[in-house]
Amino acid sequence: MSNYLDYRLGADLADTRAPAGPIEGRWDQRRFDAKLVNPANRRGRTVIVVGTGLAGGAAGATLAEQGYHVVQFCFQDSPRRAHSIAAQGGINAAKNYRNDGDSVRRLFYDTVKGGDFRSRESNVHRLAQISVEIIDQCVAQGVPFAREYGGLLDTRSFGGVQVSRTFYARGQTGQQLLLGAYQALSRQIAAGSVQMHARTEMLDLVVIDGRARGIVARDLVTGRISTHLADAVVLATGGYGNVFYLSTNAKNSNTTAIWRAHRRGAYFANPCFTQIHPTCIPRSGDHQSKLTLMSESLRNDGRIWVPSAPGDTRPPAEIPEAERDYYLERTYPAFGNLVPRDIASRAAKTVCDEGRGVGPGGQGVYLDFADAIQRLGRAAVEAKYGNLFEMYQRITAEDPYRVPMRIYPAIHYTMGGLWVDYDLQTTLPGLFAIGEANFSDHGANRLGASALMQGLADGYFVLPATLNDYLARLPTAPVPADHPEIARVEGEVTDRLARLLAVDGDRTPDSFHRELGELLWDHCGMARSDAGLRKALARIPELRAEFWQRIRVPGTGEELNQSLEKANRLVDHLELAELMCLDALHRTESCGGHFRTESRTPDGEAARRDEEFSYAAAWEFTGPGSAPVLHREQLVFDHVHPTQRSYA
Amino acid sequence: MNLTLRIWRQTGPDAPGALTRYQVSGISPEMSFLEMLDTLNEELILTGEQPIAFDHDCREGICGACGMVINGQAHGPERTTTCQLHMRHFRDGDTIDVEPWRAAAFPVVKDLVVDRSAFDRIIGSGGYITAPTGSAPEAHATPVPKEAADLAFEHAECIGCGACVAACPNGSAMLFTAAKVVHLNALPQGAPERATRTRSMVATMDAEGFGGCTNTGECATACPKGIPLSGISLLNRDFLRRA
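These protein sequence lines map, in sequence, to chains E and B.
The opening position of the first sequence corresponds to residue 19 in my numbering, with each subsequent residue numbered one higher.
The opening position of the second sequence corresponds to residue 272 in my numbering, with each subsequent residue numbered one higher.
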């Protein structure tokens with residue numbers, strides 16, 4: 019399979035949907051140009067929405083309100099449990115309620131710059147415009163945002179921007195926004211406008227005459243495989259961070275829906291753009307099943323340090339001030355502990371690689387509140403961070419008021435995903451991707467509090483407008499239920515499950531998943547090198563082969579079988595991992611979350627190479643293990659001039 | 272640690288179930304309860320047995336997917352979700368009983384997995400504010416007093432795990448229903464539908480086979496998110512007000 023690396027360069031890809039003209043008017047223009055479906059004809063149009071997170075929940079509810087017949091799926095037992103629910107921090111919006119100089123233009127600028135100049139200007143500008151409508155919509159739904167005593171909405175600043183534009187609901191903003199979308203969706207389910215299939219997982223896409231026309235799904239309780247047909251298919255299935263096994267994602271989040279769509283013709287863009295969050299609770303042992311994020315806001319008052327000398331295992335209290343290295347404050351005096359996520363994460367890795375890490379396995383650094391407690395008093399620290407300290411103590415049994423917290427970076431978000439145009443349509447007509455499942459708005463790095471914004475913008479506002487246009491132009495031609503393609507795809511799905519059950523080997527799905535995760539974390543994680551990526555690219559096909567010889571899945575396919583679910587998702591992770599490494603290998607620059615050790619400035623920081631890499635890399639599938647074709651979408655910056663980031 | 276587990280095994284909704292005994296060893300106090308079950312399941316797979324089915328997802332206490340009765344208590348001895356319960360709260364040599372939620376309205380699907388879709392139907396019958404996308408006024412058009420916003424938030428924290436129902440001797444869903452009713456009724460945006468919401472959600476709750484509330488208060492004691500028992504009085508007040 020070594021020829022996998024010999025990818026071919028295909029024709030460049032261009033977004034043909036964003037209108038020309040001033041960037042401020044493009045979204046208005048696009049909505050005006052869009053054809054509409056007569057309200058009376060909408061009931062006859064069926065749209066499949068896969069996933070019920072912020073993007074999917076919002077889209078399903080809104081499309082049903084417009085009058086479409088929506089058929090929606092989630093693998094959880096209820097649409098309320100999608101992983102958007104775990105987002106803590108907040109949601110950005112350019113309301114300028116603080117009168118602190120914020121504007122749509124500034125949010126647009128911050129997002130393009132934060133993404134390290136690897137996103138599409140038209141999309142990001144639209145996102146900033148829509149941000150203000152999202153807050154209105156959520157308040158109307160009863161989302162209990164934090165408020166001030168005057169009854170108006172409170173905001174806070176977040177993640178290295180200079181304005182206060184983040185709306186929040188304590189540390190549970192994602193939960194409250196998701197419940198808002200879920201409640202709107204529930205209203206439509208009760209009204210019969212949305213046909214909801216919970217505990218049902220999409221396993222493949224049905225493409226007929228070049229258009230996405232349905233999905234094949236498995237009922238996770240009975241194991242029944244069935245095909246659902248529609249006029250368009252929307253994937254709102256989230257990111258692929260779980261390819262690393264250990265991440266802050268929910269355990270069941272997976273790449274199957276977007277990967278199967280990729281195999282059926284949708285291009286996959288920038289798979290190597292993954293975000294690593296610097297402040298997570300370190301793993302406590304080999305049993306670790308997932309990692310828990312601690313809000314980034316802790317870095318406002320906590321000081322990050324490690325012992326100056328490698329191998330110093332004294333308890334933190336016994337290490338005198340002179341023998342501590344506050345490495346972020348030392349290296350980045352201007353920003354100190356508040357440098358962006360990618361820089362803080364890499365610095366932690368560097369000191370741990372030097373043998374100066376703390377805690378089990380030396381995979382951790384201290385986040386120390388002693389100074390803050392002395393300066394502000396315990397009560398003030400408790401008021402600000404009490405719930406986070408409590409959560410930390412519950413998990414680690416250590417009291418952060420007395421002992422410094424231990425933190426370590428973890429995989430958190432994936433900027434890459436299915437390539438979409440301005441309409442959020444993939445390269446496969448009739449297939450749309452929204453939320454984290456697409457690659458669109460965050461470039462090579464996502465800013466804090468922007469994921470919720472994008473998910474809801476896509477679901478409530480963008481997709482319902484653009485999908486109208488697609489459906490209005492689509493000839494009404496139902497797919498006959500006995501179309502041979504349906505039987506073919508169903509057959510492939512059934513065969514794959516049967517193969518998994520038949521191997522009867524000696525290794526569990528989790529054991530393979532852990533091994534794959536470690537391989538990726540080592541070679542396609544915080545720092546990537548030519549040699550490391552080649553090593554991973556050599557190992558992944560071997561691991562895949564071993565998987566098919568040694569996997570053991572007990573039980574049958576005709577029942578609730580969680581081992582089968584895991585193994586089946588892992589098949590796709592094992593293929594995606596290879597594409598991630600190839601994408602990382604081909605992009606020999608450092609940008610955002612993608613750090614190539616060979617591409618650094620003289621002082622060791624990430625060096626972007628705009629002349630060669632100012633493009634989104636969209637990969638076309640050509641067969642399992644077979645070299646893909648690279649299509650580049652050249653990025654044009656008319657409004658935000660690319661500059662090299664500097665935080666020293 | 273070495274532990275004896277007695278876990279409820281049931282192959283399907285209509286199959287008979289029973290507690291089955293398992294020994295686990297080498298359990299670290301740092302493990303979560305679910306990681307301890309993961310360890311057992313890895314062993315079961317390799318010995319050719321079916322692993323124990325249980326619902327779980329975020330494993331950080333917010334999605335509400337996990338939930339089992341541990342030694343007779345919903346989510347076990349600590350006031351948190353099962354995924355946030357750590358083995359340091361048990362002792363070497365302990366015998367631990369693990370059962371699914373027990374309630375008429377939550378039929379067992381398999382082992383520790385139950386069907387909580389009745390909760391979704393309660394929400395669908397009024398647990399929302401009718402505000403179709405695009406119809407919203409400017410967010411600051413209606414100020415919300417901080418006390419009302421805080422009351423709403425306190426009840427909106429419900430994660431829909433079902434511990435309240437499992438803990439209730441009557442299998443009642445009053446705390447769950449009250450949490451959503453109070454959240455929405457406390458806000459000015461929720462006022463127009465206040466009466467119909469309350470009536471309709473209570474009717475659905477009754478129709479789904481949940482038991483009546485006799486104010487025993489076990490629900491609020493078991494709730495991992497601390498939804499206050501007083502929410503039930505607020506629900507009753509709104510229910511009587513429209514009558």
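Think of the CB as a built atom: it goes at the ideal place given N, C-alpha and C, for glycine as much as any other residue.
Asked: Can you grab the Cα-Cα spacing for the pair Ile-569/E / Ala-275/E, in whole Å?; Found: 22 Å
Asked: Just list the residues that DSSP pairs Asn-456/E with in beta bridges.; Found: Leu-436/E
Asked: For Gln-344/B and Ala-493/B, I'd like the C-alpha separation in whole angstroms.; Found: 8 Å
Asked: Assuming the contact rule is C-beta atoms closer than 8 Å, Met-358/B and Pro-300/B should be a hit. Round their C-beta distance to whole Å, please.; Found: 5 Å
Asked: Do you know whose CA, among Pro-447/E, Gly-380/E, Ser-313/E, Ser-204/E, lies nearest Tyr-399/B's CA?; Found: Ser-204/E
Asked: Just by C-beta distance, which residues in the region 453-475 of chain B are closer than 8 Å to chain E?; Found: His-454, Leu-455, Leu-458, Gln-460, Gly-461
Asked: Rounded to a whole number of angstroms, what is the C-alpha to C-alpha distance between Thr-282/B and Asn-342/B?; Found: 22 Å
Asked: Just to confirm, is the Cβ distance from Arg-6/E to Ala-111/E under 8 Å?; Found: Chain E is shown from 19 up to 666; residue 6/E falls before or after that span and cannot be answered.
Asked: Measuring CA to CA, which of Tyr-350/E, Val-161/E, Arg-420/E is closest to Arg-663/E?; Found: Tyr-350/E
Asked: For Ile-66/E, list the residues DSSP reports as bridge partners.; Found: Val-89/E, Val-251/E
Asked: Run the CB neighbour count on Trp-437/E, radius 10 Å, all protein chains shown included, and call it buried at 16 or more, exposed below.; Found: buried
Asked: To the nearest angstrom, how far is it from the Cα of Val-357/E to the Cα of Leu-346/E?; Found: 8 Å
Asked: If you compare alpha carbons, which of Ala-483/E, Asn-56/E, Pro-620/E is closest to Arg-35/E?; Found: Ala-483/E
Asked: Do Ile-452/E and Gly-434/E count as a contact pair if the criterion is CB distance below 8 Å?; Found: no
Asked: Distance, Cα to Cα, Ala-158/E vs Leu-458/B?; Found: 10 Å
Asked: Which partner residues of Gly-482/B appear in the DSSP bridge assignment?; Found: Ser-443/B
Asked: Beta-carbon separation of Ala-401/E and Asp-319/E under 8 Å?; Found: no
Asked: Give me the subset of the region 571-592 of chain E whose CB atoms are less than 9 Å from a CB atom of chain B, sorted by chain position.; Found: Val-571, Pro-572, Gly-573, Glu-577, Leu-578, Asn-579, Gln-580, Ser-581
Asked: Using the C-alpha atoms, what's the distance from Val-647/E back to Met-19/E?; Found: With a pLDDT of 44 at Met-19/E, under the threshold of 50, the modelled position of that residue is not reliable, and no figure is offered here.
Asked: In terms of alpha-carbon separation, which member of Phe-639/E, Glu-336/E, Asp-222/E, Arg-229/E lies closest to Arg-236/E?; Found: Asp-222/E
Asked: Under 8 Å, CB to CB, which of the residues in the region 355-379 of chain B have a partner in chain E?; Found: Gln-355, His-357, Arg-359
Asked: Going by alpha carbons, who is nearest to Phe-126/E out of Met-471/E, Ala-187/E, Ile-207/E?; Found: Met-471/E
Asked: List, in order along the chain, the chain E residues whose C-beta lies closer than 7 Å to that of Val-415/B?; Found: Arg-165, Gly-169
Asked: Run through chain B and tell me which residues come within less than 7 Å of Lys-367/E, C-beta to C-beta.; Found: Residues of chain B passing the Cβ test: none, with the nearest at roughly 23 Å.
Asked: Please report the Cβ distance between Asp-360/E and Asn-463/E, rounded to the nearest whole angstrom; I am assuming they are in contact, meaning their Cβ atoms lie under 8 Å.; Found: 6 Å
Asked: Bridge partners for Ala-634/E per DSSP, in chain order?; Found: Glu-651/E
Asked: Kindly indicate the opening and closing residues of the alpha helix (DSSP H) around His-657/E.; Found: Careful: His-657/E lies outside any alpha helix (DSSP H) and carries neither H nor E.
Asked: Pick helix, strand or coil for Arg-392/B, following the three-state DSSP scheme.; Found: helix
Asked: Is it the case that the Cβ atoms of Arg-546/E and Phe-613/E are separated by a distance below 8 Å?; Found: yes
Asked: In the DSSP assignment, the beta strand (DSSP E) including Gln-213/E goes from what residue to what residue?; Found: 212-215
Asked: Could you check the C-alpha separation between Cys-542/E and Thr-368/E for me, to the nearest Å?; Found: 15 Å
Asked: Which residues, taken in chain order from the region 195-207 of chain E, show a beta carbon closer than 8 Å to some beta carbon of chain B?; Found: Leu-197, Tyr-200, Gln-201, Ala-202, Ser-204, Arg-205, Ile-207
Asked: Between the alpha carbons of Thr-494/E and Leu-81/E, how many angstroms are there, rounded?; Found: 18 Å
Asked: If you reduce the DSSP assignment to three classes, tell me which class Asn-21/E lands in.; Found: helix
Asked: Do Lys-53/E and Arg-330/B come within 8 Å of each other at the CB atom, strictly closer than that value?; Found: no
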